[in-house]
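Participant:
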Amino acid sequence: ARVAGGGPLGLLAAAACGVACVGYLRAVEAAQQGELMRVAEARALRGWQLRVGAPAESVGWLNAILAAGWETTFGPYLHEAIRESLVESLRQLTPTLPRTLASIQLWSLNVGRQPP
Numbered sequence: 004a005r006v007a008g009g010g011p012l013g014l015l016a017a018a019a020c021g022v023a024c025v026g027y028l029r030a031v032e033a034a035q036q037g038e039l040m041r042v043a044e045a046r047a048l049r050g051w052q053l054r055v056g057a058p059a060e061s062v063g064w065l066n067a068i069l070a071a072g073w074e075t076t077f078g079p080y081l082h083e084a085i086r087e088s089l090v091e092s093l094r095q096l097t098p099t100l101p102r103t104l105a106s107i108q109l110w111s112l113n114v115g116r117q118p119p
């Protein structure tokens with residue numbers, strides 16, 4: 004009696020076993036990755052949750068970032084976004100306003116040199 008080996012039937016059995024093993028290993032890997040993601044998400048969320056009685060975290064770091072980039076980045080961007088929004092709102096409102104108010108325009112807008 005021959006054990007799966009030299010003949011074509013033995014090769015076919017070995018290939019089928021190999022395919023089944025690869026499929027099983029991929030399924031195990033996917034399950035482990037899913038579990039790792041769930042654990043990582045739970046730990047990350049736990050770190051962000053506020054707890055009753057826990058000391059409040061300072062947002063001084065956020066103020067420092069805003070101050071560092073206010074004049075060159077955040078301020079001009081905010082200025083332009085607010086200006087565009089106000090001009091568009093006034094444009095849409097103008098037809099519905101009485102004649103005395105229809106001439107309202109935005110002449111100047113200044114968000115300041117310091118962050119709020």
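Mapping of the sequence shown onto our numbering: residues 4 to 119, in sequence order.
The C-beta atom is built at its ideal place from N, Cα and C for all residues, glycine as well.
Which value, in whole angstroms, describes the spacing of the CA atoms of Val25 and Gln35?
Facilitator: So the two alpha carbons sit approximately 15 Å from each other.
Participant: What are the start and end residues of the alpha helix (DSSP H) that includes Leu69?
Facilitator: 63 to 72 is the span of the alpha helix (DSSP H), which, as asked, contains Leu69.
Participant: Cα separation between Ala71 and Thr99?
Facilitator: Cα to Cα, Ala71 sits roughly 42 Å from Thr99.
Participant: Could you check whether Val114 and His82 sit closer than 7 Å to each other, using their CB atoms as the reference points?
Facilitator: Yes. Within cutoff.
Participant: If you run the structure through DSSP and keep just helix, strand and coil, what is Ala7?
Facilitator: Confidence in Ala7 is poor, its pLDDT being 49 and thus under 50, which makes the residue's placement unreliable; the coordinate value appears in the next sentence. DSSP places Ala7 in coil when its eight states are reduced to three.
Participant: Among Ala16, Leu15, Gln117, which residue has its Cα nearest to the Cα of Ala67?
Facilitator: Measuring from the Cα of Ala67, the nearest candidate turns out to be Gln117.
Participant: The alpha helix (DSSP H) that contains Leu81, what's its start and end?
Facilitator: Residues 78 to 96.
Participant: Out of curiosity, what's the CA-to-CA distance linking Gly78 and Ser88?
Facilitator: Cα to Cα, Gly78 sits roughly 15 Å from Ser88.
Participant: Grouping DSSP H, G and I as helix and E and B as strand, with all else coil, what is Val114?
Facilitator: Coil.
Participant: Just verifying my parser: in three-state terms, what is the DSSP assignment at Arg102?
Facilitator: Here Arg102 sits in coil by DSSP.
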